[in-house]
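Per this note's numbering, the sequence shown starts with residue 1422, numbered consecutively.
Step one of this worksheet: look at the structure below.
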Amino acid sequence: MVFIDACFKKYTPYTPVWLMRQAGRYLDEYKEVRKQAGDFLSLCKNPKLASKVTLQPVEILNVDAAILFSDILVVPFEMGMDLGFFAGEGPKFANPISSAQDLMKLNENAYEKLNYVYDTIALTRQNLAKDKALIGFCGAPWTLATYMIEGEGSKTYAKSKRMLYQNPNFLHKILQKITYNLKHYLEAQIQAGVNAVMVFDSWASALEGDSYLKFGWQYCKEIAEFIKTKYPHIPVILFPKGIAGFLDKIDGNFDVFGVDWSTPLSLAKEKLGAKYTLQGNLEPCRMYAKDAMLKGAKEILDLMQGSAHIFNLGHGMLPDLPRENVIALVEFIHNYKHS
Ligand code: CP3
1422 MVFIDACFKK
1432 YTPYTPVWLM
1442 RQAGRYLDEY
1452 KEVRKQAGDF
1462 LSLCKNPKLA
1472 SKVTLQPVEI
1482 LNVDAAILFS
1492 DILVVPFEMG
1502 MDLGFFAGEG
1512 PKFANPISSA
1522 QDLMKLNENA
1532 YEKLNYVYDT
1542 IALTRQNLAK
1552 DKALIGFCGA
1562 PWTLATYMIE
1572 GEGSKTYAKS
1582 KRMLYQNPNF
1592 LHKILQKITY
1602 NLKHYLEAQI
1612 QAGVNAVMVF
1622 DSWASALEGD
1632 SYLKFGWQYC
1642 KEIAEFIKTK
1652 YPHIPVILFP
1662 KGIAGFLDKI
1672 DGNFDVFGVD
1682 WSTPLSLAKE
1692 KLGAKYTLQG
1702 NLEPCRMYAK
1712 DAMLKGAKEI
1722 LDLMQGSAHI
1732 FNLGHGMLPD
1742 LPRENVIALV
1752 EFIHNYKHS
């Protein structure tokens, strides 16, 4: 698989490409299946339909990897948190964590309840072309903790950060409980058939460097170490979003560093490119304009010529991106010849 070769810094005949949030509302085919499922969580819990939308972007866009269709929040959901997705507002938990009792009530072994995810993986791997990779994923402990503490997305993360500075030991306890589940969750995904795993730390940028390293990155590294020790043939991708200011401090036993769009790719290449394959980092909104999109893509490919690279966006696709541009982007990456 070209994608896996790139993860391990092996030669590839072209730059492999996939797109974060490649399954979603910019595809009418997705909206159709989503309607059939009813609501978003029901879609995640239905292996047949979830597998169908996992495969759609590979069939429509010809990307080199499929990413499991699910959500990072199914883990806190199965830990016992009351999750709802509301149109235009995003996800919400009705019972956020604020006390030791709240934490104690949460299921220690939520990964045992995620069989619908493992079934989706097995079904998808059966139907996916042999040369395409299937990526499994989870949210990073810090990012999941922010949702579990705030109860929803946040602009300031004030509750989570208040806890970090007032009661750091309690925050560590929450993070440890999540981390334990995530290690076993990713392991079960591997056993079900994924070829690589990715950890999304979408809200890494909410913290200053020292705090992020202790409360965020440390746990990402712990998960990566657990997987790499047991499954060295499975690439691990870490994506801490928005931490350009402290790339110098980034280390650990993983294979691919996901570069978000706000981090200059040249800086990531200078700091981390010798050690890790870099994945990224086109600004998703460039895809609204084909010329801006192709110009951005060319700059990225030219910069990464001769270095291990997986083309991707610098964050997820937006629901109203023009589908024809997305198809054109993948074609452009696959056919690019360096001059
Ligand atoms: O195609 C893929 O990338 C795979 C599926 C995937 C989804 N969510 C599907 C989804 C993945 C990898 C995620 C990860 C995820 N979920 C993250 C980390 C990545 C990132 O974007 O930073 C986060 C923070 C979440 C939490 C989440 N889930 C939010 C904030 C929302 C609402 C945003 C929105 O666009 O409405 C979701 C819902 C969600 N997850 C949708 C999809 C396709 C939209 C649901 C719908 O169909 O209405």
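All C-beta atoms in this analysis are idealised placements derived from N, C-alpha and C, irrespective of residue type, glycine included.
Query	Result
Coarse secondary structure for Tyr1613, derived from DSSP in three states	A small fix is needed here, since residue 1613 is Ala in this sequence, not Tyr. Helix.
Start-to-end residues for the beta strand (DSSP E) that takes in Leu1686	From DSSP, Leu1686 is part of no beta strand (DSSP E) but of the alpha helix (DSSP H) over 1686 to 1693.
Reduced DSSP secondary structure (H/G/I, E/B, other) of Gly1630	helix
Limits of the alpha helix (DSSP H) - the one that Gly1717 falls within	1711 to 1724
Between the CA atoms of His1759 and Pro1512 - distance to the nearest angstrom	43 Å
Residues of its chain near Val1615, where Cβ-Cβ distance is below 8 Å and the 5 sequence neighbours each way are ignored	Leu1489, Ile1542, Arg1546, Leu1555, Ile1556, Gly1557, Ile1655
6 Å CB neighbourhood of Gly1762 in its chain, flanking five on each side removed	The structure shown has nothing for residue 1762, since the chain only spans 1422 to 1760.
Segment limits, beta strand (DSSP E) that includes Asn1733	1730 to 1734
Range covered by the alpha helix (DSSP H) that runs through Ala1427	1423 to 1428
Simplified DSSP assignment, three categories, for Phe1675	coil
Exposed unless 16 or more other CB atoms sit within 10 angstroms - verdict on Met1584	buried
In DSSP terms, what Pro1661 is bridged to	Asp1622
Residue from Met1422, Gly1445, Ile1425 with nearest C-alpha to Leu1739	Gly1445
Identity of the residues DSSP links to Lys1438 by a beta bridge	The identity of residue 1438 in the sequence shown is Val, whereas the question assumes Lys. DSSP output for Val1438 lists Phe1732 as bridge partner(s).
Per DSSP, the bridge partner or partners of Ile1488	Ile1556
For Lys1598, the nearest candidate out of Glu1499, Gln1726, Val1484 (CA to CA)	Glu1499
Straight-line gap, Val1479 to Ala1487 (C-alpha atoms, nearest Å)	6 Å
Between the CA atoms of Ile1754 and Ala1579 - distance to the nearest angstrom	41 Å
Cutoff 6 Å; reference Tyr1640; Cβ partners in own chain excluding five residues on either side	Pro1562, Leu1596, Thr1600
Where Lys1696 sits in the DSSP three-state scheme	coil
Other residues of its chain near Pro1661: CB distance less than 6 Å, five sequence neighbours each side excluded	Asp1622, Ala1625
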